[in-house]
Ligand code: PLP
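Numbering (this note's numbering), first residue to last: 193 to 592.
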């Protein structure tokens, strides 16, 4: 039985060209980029070269890229780092506010919960049935204590895309020194978790109007163990890991050179044919969805409609389906599909072992039952039409 992977939102296979550029940094150029000798200089050149490639791709400055070990760490650094960078006693005197959404990744939501325990107020913006925030709610929740707005670009369960540019305009309008207790032109800062978006959508930070952005290598056919936090140079940020002075003193610890070199290469490869690949995958995804509805007409889509050819602006990631199969528990479906050789999931890989009900589907206003009877299917670069036909044949046995 040939196994078919349809969980590319959880992780992607490392591209062979990426593996190739990484290999010498394990075996030949293994120096520490902090060392003064030639081995160190070779590693530093690779680090600088990768930083340059990534900065150019995102339209940011060389010094604005901070390498981390994952996007989870980048998200933690963005939120905790902004709070820790506030003036002394600000948290206890003024209860700073963070505005985020109810459908963020766990690395944002759990971090917010910890910050709440430390005296930060967190506003979780609700979303509509398509998984999109209401911009009016963002506007009405901005106040003089708001120090950070953190909104994901694309959701990891249902693929909904947030109107970041419009959110950035609202934040920029509000951003006047007299509107902030800190009398600083730059508050509130705007952070986005663009982990799922990077593969398919332009993540140029000036175009989006964001000050901070988290990214992950493993979602774009790069290796695991590499993340990035873009940080606009005007944003005060305190380290959350202390030690050496790597990454301009913001993230201590020797940089993972092979993974960083791989991340830069993976990003170059993604950008080469981003639009073409997005439309290829969108077509396959739509073909799959139509096929599923033929097999099981009671199935329903969670999140934004697919809305035909490329809608503008696109509301859903082109590779994402999240489907409610009434009467079929997610957990049972995942196991039944796996026995047929099909790898799917219920949502985030970070929580799937403990919960097989999608909190995102719940946040759309649907019942707990629907949240626990839905699965996520995400397509990727290796997915072919032949594979999708095989998937439909296998699915017939499980969901008919
Ligand atoms: N943010 C989103 C939207 C994600 O989908 C993920 C991973 O699933 C993460 C953050 C965490 O990324 P990493 O696995 O690099 O920590």
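C-beta: ideal position from N, C-alpha, C; glycine also.
Taking the alpha carbon of residue 274 as the reference point, which residue from 424, 552 and 457 has its own alpha carbon closest?
Closest in alpha carbon position to residue 274, among 424, 552 and 457, is 424.
What did DSSP end up calling residue 492 once you bin it into helix, strand or coil?
DSSP places residue 492 in strand when its eight states are reduced to three.
State the start and end residues of the unbroken alpha helix (DSSP H) segment that holds residue 484.
Membership of residue 484 in the alpha helix (DSSP H) is indicated by the continuous run 466-487.
Going along the chain, which unbroken runs of the beta strand (DSSP E) with 3 or more residues stay wholly within the stretch 351-401?
DSSP runs (the beta strand (DSSP E)) wholly in the stretch 351-401: 381-385.
Candidates 510, 457, 577 and 581, of which the one nearest residue 200 by Cα:
Considering only alpha carbons, the answer is 510.
With burial defined as no fewer than 16 other Cβ atoms inside 10 Å of the residue's Cβ, what is the status of residue 405: buried or exposed?
Classification of residue 405: buried, given that the 10 Å Cβ count is 16 or more.
Secondary structure at residue 199, three-state DSSP: helix, strand or coil?
Residue state, collapsed to three classes: strand.
Any non-hydrogen atom of the ligand PLP within 7 Å of residue 408 CB
The beta carbon of residue 408 sits closer than 7 Å to at least one heavy atom of the ligand PLP.
Residue 262 CB to nearest heavy atom of the ligand PLP below 7 Å
Checking the Cβ of residue 262 against the ligand PLP gives yes.
Are there three or more Cβ pairs, one per stretch, closer than 8 Å when the stretch 448-461 is compared with the stretch 405-415?
Counting Cβ pairs under 8 Å, three or more are found: they touch.
Going by other Cβ atoms of all chains shown within 10 Å of its Cβ, with 16 needed for buried, is residue 254 buried or exposed?
Classification for residue 254: exposed.
Report buried or exposed for residue 171, applying the criterion of at least 16 other Cβ atoms within 10 angstroms of its Cβ.
The structure shown does not extend to residue 171, since the chain spans only 193 to 592, so no value can be given for it.
Could you give the residue range of the alpha helix (DSSP H) that holds residue 405?
Note, residue 405: premise wrong, no alpha helix (DSSP H); beta strand (DSSP E) at 404-408.
From 516, 266, 584 and 586, residue whose alpha carbon lies closest to that of residue 386
Cα-wise, what sits closest to residue 386 is 266.
Is residue 299 a contact residue of the ligand PLP, with contact defined as CB to any heavy atom under 7 Å?
Residue 299: yes, Cβ under 7 Å from the ligand PLP.
Just to confirm, does residue 138 get its C-beta within under 7 Å of one of the non-hydrogen atoms of the ligand PLP?
The displayed coordinates of the chain run from 193 to 592. Any statement about residue 138 would go beyond what the structure contains.
Pull the bridge partners of residue 313 from the DSSP assignment, please.
289, per the DSSP bridge assignment.
Helix, strand or coil at residue 267 [DSSP, three-state]:
Residue 267 carries a helical assignment under DSSP once its states are collapsed to helix, strand and coil.
According to DSSP, residues forming a beta bridge with residue 567:
Note: residue 567 sits in a beta bridge opposite 515.
Rounded to whole angstroms, how far is the Cβ of residue 566 from the Cβ of residue 514, which I believe are closer than 8 Å?
Between residue 514 and residue 566 the Cβ distance is about 6 Å, and since that is below 8 Å, they are a contact.
Take residue 231 and list the residues in its own chain whose beta-carbon comes closer than 6 Å to its own, dropping the five residues that flank it on each side.
Contacts found: 223.
Tell me, please, which residues DSSP counts as bridged to residue 346.
Residue pairing by DSSP puts residue 346 in a beta bridge opposite 353.
Just curious, the beta strand (DSSP E) that residue 258 is in, first and last residue?
Where residue 258 is concerned, the enclosing beta strand (DSSP E) stretches over 257-260.
In this structure, does DSSP put residue 334 in helix, strand or coil?
If DSSP states are grouped into helix, strand and coil, residue 334 belongs with coil.
Would you kindly work out how many angstroms separate the C-alpha atoms of residue 569 and residue 375, rounded to a whole number?
If you take the alpha carbons of residue 569 and residue 375, they lie about 46 Å apart.
heavy atom of the ligand PLP below 7 Å from residue 388 C-beta
Result yes, Cβ under 7 Å from the ligand PLP.
Might you give, ordered along the chain, the residues of its own chain that have their beta carbon closer than 7 Å to the beta carbon of residue 588, omitting 5 neighbours on each side?
The answer, listed in chain order, is 487.
Residue range of the unbroken beta strand (DSSP E) whose run includes residue 422
It spans 419-423 - the beta strand (DSSP E) in which residue 422 sits, taken as one unbroken run.
Rounded to whole angstroms, what's the CA-CA distance from residue 234 to residue 240? Just pull it up for me.
So the two alpha carbons sit approximately 10 Å from each other.
Look at the alpha carbon of residue 366 and the alpha carbon of residue 334, and state the distance between them as a whole number of angstroms.
Distance between the alpha carbons of residue 366 and residue 334: 8 Å.
Need the endpoints of the alpha helix (DSSP H) that residue 210 sits in, please.
Looking at the DSSP string, the run of the alpha helix (DSSP H) that includes residue 210 is 208-214.
How about the stretch 286-293 and the stretch 466-481: do they share at least three Cβ pairs that are nearer than 8 Å?
No: fewer than three Cβ pairs fall under 8 Å.
As a quick exercise: from 489, 393 and 338, pick the residue whose alpha carbon is nearest that of residue 373.
Residue 373 has its Cα closest to that of 338, out of 489, 393 and 338.
Residue 441 versus 260, 281, 483 and 350, residue with shortest Cα-Cα distance:
If we check each option's Cα against that of residue 441, 260 comes out closest.
What would DSSP say about residue 443, mapped onto helix, strand or coil?
Under the three-state reduction of DSSP, residue 443 is assigned to coil, being neither helix nor strand.
Does the Cβ of residue 403 have 16 or more other Cβ atoms within 10 Å, making it buried, or fewer, making it exposed?
Classification of residue 403: buried, given that the 10 Å Cβ count is 16 or more.
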